[in-house]
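Q: Residue numbers -4 to 283, in the numbering used here, belong to the letters of the sequence shown in order. Just so you know, even glycine gets a beta-carbon here, dropped at the ideal spot from N, CA and C. This structure is a prediction, so every number in the text was calculated from the model and none was measured.
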Amino acid sequence: MIQPLRLALALALLGGTAARAEPVPGGRIERTRAVTIASGPAEPLPEVRVAGDTPTLLFFPAPIQTKTLTFDESRIRVLDTGALSVIVQAVTDLQEGERHEIGVFFADGRVPARAGFVLVTAPTQVDTRIDVRRPEPPAAPCLSEVQPRVPLPEDFVLLGYVGDTGVSVVPIKGVEDEAQSLSTSSGRFYLGKGWALVSVRIENLSTHRWTPREATFSRPMGPSLQARLVMEGDGMIEPGELGQALAVVDMPDLNADTSFTLELRGEDGRSLKIPDVRFPKAAREGGQ
């Protein structure tokens, strides 16, 4: 951030949240105020008054996902972003009736998940700081009525999980390890933008419960890749039962010619190795 913006942001943060209005040359009034975002798509977005000669700070009550910020770059500049803030400025004063939407997702997953605003220019006022507020939550519903938000396709694109080449998928051969009393079936390997994910169905052939705790991709040459392990349900696979395991690794450049071995290690000392796992080649632009 350039030095003037650092100073402006520091002053804005120290200024508090009480609404104020200060006259500036030319008759326009600069003001600081609190704005409550819409609680759902049926409600209109709140207006924020911007100008071509004045930055506007949007200060949020919770961390935001800056990669999900959307706006019209031809008419609006984003001067800086932070964990709780966005500084915007119109390229020039917007014309009468000209309205531009800007929005960003929160990182905490609470509702409303997205903060959206309509940017306009008013002849007599400009907002120098907006303290964003979420609407008061309704009375807590019964546990049976609580429904988690289902991710939408646009969420994955906005978060950068899917690039121009899409996602590649290849099957994985099943493995049966009699010594460990474990076997796999229905495996798939997914490759996205900077990430890879293995999903396998594991059958516990033992008379003892198996609980995987760690996942690692190893290769003949080069360091091993520690993966995030996500298990279906409570993570425990009972004797004779099936469970789904997902091993995720974040790495921007994955060599499709390298063979890996995926090892899943359980808390009882048993482990399952899936050999000859190859990262799928990324699909070409415009199709698989």
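Return the CA-CA distance between Val43 and Val113, expressed in angstroms with no decimal places.
A: Translated into positions along the sequence shown, residue 43 becomes position 48. Translated into positions along the sequence shown, residue 113 becomes position 118. For Val43 and Val113, the distance between alpha carbons rounds to 6 Å.
Q: Use the C-beta contact count for Val170: other C-beta atoms within 10 angstroms, 16 or more gives buried, fewer gives exposed.
A: One-based indexing of the sequence shown puts residue 170 at position 175. The residue is buried, with at least 16 neighbouring Cβ atoms inside 10 Å.
Q: Between which two residues does the beta strand (DSSP E) harbouring Leu64 extend?
A: As a first step, residue 64 must be located in the sequence shown, where it is residue number 69. Per DSSP, Leu64 belongs to the beta strand (DSSP E) from Ile59 to Thr65.
Q: Tell me which residue opens and which closes the alpha helix (DSSP H) that Val152 is part of.
A: Within the sequence shown, residue 152 is the residue found at index 157, counting from 1. Pro148 to Leu153 is the span of the alpha helix (DSSP H), which, as asked, contains Val152.
Q: What did DSSP end up calling Arg265 once you bin it into helix, strand or coil?
A: The sequence position of residue 265 within the sequence shown is 270, counting from 1. Reduced to three states, the DSSP call for Arg265 is coil.
Q: Use the C-beta contact count for Thr87: other C-beta atoms within 10 angstroms, 16 or more gives buried, fewer gives exposed.
A: Locating residue 87 in the sequence shown gives position 92, where the first residue counts as 1. Burial call: exposed.
Q: Considering only the beta carbon of each residue, do Thr206 and Ala222 sit closer than 8 Å?
A: Walking along the sequence shown from the start, residue 206 turns up at place 211. Walking along the sequence shown from the start, residue 222 turns up at place 227. The answer is no: Cβ separation not under 8 Å.
Q: Where does Ala110 sit, in a helix, a strand or coil, going by DSSP?
A: By 1-based counting over the sequence shown, the position of residue 110 is 115. DSSP places Ala110 in strand when its eight states are reduced to three.
Q: Going along the chain, which residues of its own chain have a beta-carbon closer than 8 Å to the beta-carbon of Thr123, five neighbours each way excluded?
A: Walking along the sequence shown from the start, residue 123 turns up at place 128. Cβ neighbours of Thr123 beyond the five flanking positions: Ala7, Glu25, Arg26, Thr27, Thr49, Pro50, Thr51 and Leu52.
Q: Can you give the beta carbon distance from Ser178 to Glu198, rounded, assuming they're within the 8 Å contact cut?
A: Along the sequence shown, read from residue 1 onward, the residue named residue 178 stands at position 183. Along the sequence shown, read from residue 1 onward, the residue named residue 198 stands at position 203. Rounded, the Cβ-Cβ distance is 5 Å, consistent with contact.
Q: For Ser201, which residues in the same chain have their Cβ closer than 7 Å to its Cβ, ignoring the five residues on either side in sequence?
A: In the sequence shown, the residue the question calls residue 201 occupies position 206. These residues qualify, in order along the chain: Ser176 and Pro234.
Q: Apply the 10 Å Cβ neighbour rule to Leu257 and answer buried if 16 or more other Cβ atoms are within range, or exposed otherwise.
A: Counted from its first residue, the sequence shown places residue 257 at position 262. That one is buried.
Q: Buried or exposed: Asp229, going by 16 or more other Cβ atoms within 10 Å of its Cβ?
A: Position 234 of the sequence shown, counting from 1, holds the residue named residue 229. So Asp229 ends up on the exposed side.
Q: With distances taken from CA atoms, which of Gly189, Val157, Pro218 and Ala57 is nearest Ala108?
A: Here residue 108 is taken as the residue at index 113 of the sequence shown, counted from 1. Residue Ala57 is the option with its Cα nearest to Ala108.
Q: Quick check: what's the CA-CA separation for Val81 versus Gly104?
A: For the purposes of this step, residue 81 is taken as the residue at position 86 of the sequence shown. For the purposes of this step, residue 104 is taken as the residue at position 109 of the sequence shown. Computed Cα separation, rounded: 19 Å.
Q: Pick helix, strand or coil for Thr123, following the three-state DSSP scheme.
A: As a working note, residue 123 is residue 128 in the sequence shown. Strand at Thr123.
Q: Taking 8 Å as the threshold (C-beta atoms), are Gly155 and Lys62 in contact?
A: As a working mapping, residue 62 is identified with position 67 in the sequence shown. As a working mapping, residue 155 is identified with position 160 in the sequence shown. Yes. Within cutoff.
Q: Confirm, please, whether the CB-CB distance from Ala110 to Val127 is below 8 Å.
A: One-based indexing of the sequence shown puts residue 127 at position 132. One-based indexing of the sequence shown puts residue 110 at position 115. Taking 8 Å as the Cβ cut-off, Val127 and Ala110 qualify as a contacting pair.
Q: By the DSSP assignment, the beta strand (DSSP E) with Gln84 in it spans what residues?
A: As a working mapping, residue 84 is identified with position 89 in the sequence shown. Per DSSP, Gln84 belongs to the beta strand (DSSP E) from Ser80 to Ala85.
Q: Can you check DSSP and say which residues form a bridge with Gly217?
A: Reading the sequence shown from its first residue, position 222 is the one you call residue 217. Partner(s): none; Gly217 has no beta bridge.
Q: Could you tell me the distance, in whole angstroms, from the CA atom of Arg265 to the CA atom of Leu241?
A: For the purposes of this step, residue 265 is taken as the residue at position 270 of the sequence shown. For the purposes of this step, residue 241 is taken as the residue at position 246 of the sequence shown. Arg265 and Leu241: Cα-Cα distance of roughly 18 Å.
Q: Do you know whose CA, among Arg273, Glu93, Asp271 and Val99, lies nearest Val73's CA?
A: Position 78 of the sequence shown, counting from 1, holds the residue named residue 73. The shortest Cα separation from Val73 among Arg273, Glu93, Asp271 and Val99 belongs to Val99.
Q: With C-beta atoms as the reference, is Ile167 less than 8 Å away from Ile269?
A: The residue labelled residue 167 in the question sits at position 172 within the sequence shown. The residue labelled residue 269 in the question sits at position 274 within the sequence shown. For Ile167 and Ile269, yes; Cβs fall inside 8 Å.
Q: Measuring only the C-alpha atoms, how far is Glu149 from Ala29?
A: On the sequence shown, position 154 is the one that residue 149 refers to. On the sequence shown, position 34 is the one that residue 29 refers to. So the two alpha carbons sit approximately 29 Å from each other.
Q: Do you know how far the Cα of Val157 is from the Cα of Ile125?
A: Numbered from 1 along the sequence shown, position 130 holds the residue referred to as residue 125. Numbered from 1 along the sequence shown, position 162 holds the residue referred to as residue 157. Approximately 32 Å between the Cα atoms of the pair.
Q: Please report the residue range of the beta strand (DSSP E) in which Arg28 lies.
A: Here the question's residue 28 lines up with position 33 in the sequence shown. Taken as a continuous stretch (DSSP letters only), the beta strand (DSSP E) holding Arg28 covers Ile24 to Thr31.
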